[in-house]
Amino acid sequence: MHSNSAQLLDGKALAQRIQTQLAEQVQQLLTSNGRPPGLAVLMVGDNPASAAYVRNKERACAKVGITSFGRHFPANTGQEELAQTIQALNEDDRVDGILVQLPLPEHLDAVSLLHQIHPDKDADGLHPVNLGRLVRGETGLRSCTPAGVMRLLREYQLEVKGKTAVVVGRSILVGKPLALMLLEADATVTVAHSRTPNLPEIARSADILIAAVGRPQLITADWVKPQAVVIDVGINRVTDESGQSRLVGDVDFDPVREVAQFLTPVPGGVGAMTVAMLLHNTVLSYTKAHS
Ligand code: NAD
124 MHSNSAQLLD GKALAQRIQT QLAEQVQQLL TSNGRPPGLA VLMVGDNPAS
174 AAYVRNKERA CAKVGITSFG RHFPANTGQE ELAQTIQALN EDDRVDGILV
224 QLPLPEHLDA VSLLHQIHPD KDADGLHPVN LGRLVRGETG LRSCTPAGVM
274 RLLREYQLEV KGKTAVVVGR SILVGKPLAL MLLEADATVT VAHSRTPNLP
324 EIARSADILI AAVGRPQLIT ADWVKPQAVV IDVGINRVTD ESGQSRLVGD
374 VDFDPVREVA QFLTPVPGGV GAMTVAMLLH NTVLSYTKAH S
């Protein structure tokens, strides 16, 4: 390893530590309340990436002692059946968290389904009530991927307060909530997106640069301020010259590693943290329901 190259932020190891702590907490909760926390992941259709994510989530639940109430629906399932399923899960006392795995097949209205989830069981933190709480700086369930980024920054004791943060990407899933969380942590935040002129120049102003776009190698070394913290949220499947398929982020990893001070790898960075935050939210909802 080159002596000037960035330290990697090990989301995978941190996620494992969080899950070990959650497993201990779940054991105690089970003893005192007589039931484990429960999470329902609803998946519709056969998107292979979604299926892999759902498997990961259910495996992680099993490891920490959270019961899965997942349902897998065929691609042609109607809106009403899903809405009724969510209603039933809202009323089911064994279920603390509900999430709808996105994307959904085109005939379904994902936003309307998200609205049906009870805000206190909104494990993904995407319900308007929870997004509203985030805007107001109130406690609530926070979206998992941005919450995972914040936790990673905190665990590595990387100062956010007073820093210049640039978030590239403005989706409701990642970019927007992350910008709000950085603001809440007293960063000076810029949100850049596909219509932003002078993107490299803006990115270069960042002490903390977040890439949440979905374009391999978008963030090249000349976009990065020396010694910046670079967080790569992107997950892209690419095929290299030898025909091998692998996952990469939005950051041109090797060259950027020579400029940045801290950098998240893909895989093993933010992705692993997302699942840990989902479990964290489920346990949080459980403890609130029992308080
Ligand atoms: P999205 O497609 O909803 O949003 C992408 C954003 O990038 C948009 O706001 C768009 O304005 C912006 N953008 C597009 N092209 C751009 C360009 N050339 N320059 C600057 N900005 C541009 O995607 P998303 O759901 O926010 O996900 C972003 C990436 O993060 C994807 O690769 C996704 O797979 C990944 N992701 C990872 C996790 C995780 O757990 N690590 C979770 C969710 C999403």
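Take 124 as the starting number for the sequence shown in the numbering used here and just add one per residue. No residue lacks a Cβ here, since even glycine has one placed at the ideal position from N, Cα and C. Computed from a predicted structure; not experimentally measured.
- Cβ contact annotation for Gly394 (same chain, cutoff 8 angstroms, sequence separation greater than five): Gly134, Ile358, in chain order.
- In this structure, the beta-carbon distance from Leu131 to Pro388 falls below 7 angstroms.
- In terms of CA proximity to Thr313, Ile325 leads the group Ile325, Glu307, Asn321, Pro320.
- Taking the Cβ of Ala138 as the reference point, every heavy atom of ligand 1 lies at 6 angstroms or farther away.
- Taking all protein chains in view, the Cβ of Lys411 is surrounded by fewer than 16 other Cβ atoms within 10 Å, so the residue is classified as exposed.
- Counting only runs of at least 4 residues, the region 142 to 210 fully encloses the following alpha helix (DSSP H) elements, listed from N- to C-terminal order: 171 to 187.
- The alpha-carbon separation between Thr262 and Glu364 amounts to approximately 48 angstroms.
- Of Thr200, Pro269, Ala183, Cys267, the smallest CA-CA separation from Met166 is found for Thr200.
- Judged by the Cβ position, Thr268 qualifies as a neighbour of ligand 1 at the 6 angstroms threshold, a heavy atom of the ligand being closer than this.
- Note on Val374: 16 or more other CB atoms within 10 angstroms of its CB, so buried under the neighbour-count rule.
- Closest option to Gln384, judged by alpha-carbon separation, among Gln350, Ser368, Pro390, Val361: Gln350.
- The beta carbons of Ser317 and Thr287 sit no closer together than 7 angstroms.
- In terms of CA proximity to Asp330, Lys348 leads the group Lys348, Arg338, Leu322.
- Between the region 257 to 276 and the region 224 to 239 there are fewer than three C-beta pairs closer than 8 angstroms, too few to call the two in contact.
- Residue pairing of Asp355 in beta bridges, as defined by DSSP: Ala334.
- Val371 is a Cβ neighbour of Pro339, given a cutoff of 7 angstroms.
- In this structure, the CA atom of Pro269 is about 15 angstroms from the CA atom of Gly337.
- Taking 7 angstroms as the cut-off, the Cβ atoms of Leu303 and Leu275 do not count as close.
- Between Val164 and Lys186, the gap from beta carbon to beta carbon reaches 7 angstroms or more.
- When distances are taken from the beta-carbon of Thr397 to the heavy atoms of ligand 1, the shortest one is below 6 angstroms.
- Per the coordinates, the alpha-carbon of Pro378 lies some 19 angstroms from the alpha-carbon of Gly391.
- Secondary structure at Ala315: strand, using DSSP grouped into helix, strand and coil.
- In this structure, Ser294 has its CB closer than 6 angstroms to one or more heavy atoms of ligand 1.
- Residue state for Thr262 is assigned as coil, using DSSP reduced to three classes.
- Annotation: Ile325 is outside any beta strand (DSSP E); the continuous alpha helix (DSSP H) that includes it extends over 322 to 326.
- The secondary-structure analysis by DSSP pairs Ala288 across a beta bridge with Val312, Ile331.
- Val347 has its Cβ no nearer than 6 angstroms to any heavy atom of ligand 1.
- Under the three-state reduction of DSSP output, Gly134 falls in the helix class.
- Placement of the Cβ of Val164 at a distance of 6 angstroms or more from every heavy atom of ligand 1 is found.
- In the displayed model, Thr343 falls within coil according to three-state DSSP, outside both helix and strand.
- Here Ser414 is not near Gly220, since their CB atoms are 7 angstroms or more apart.
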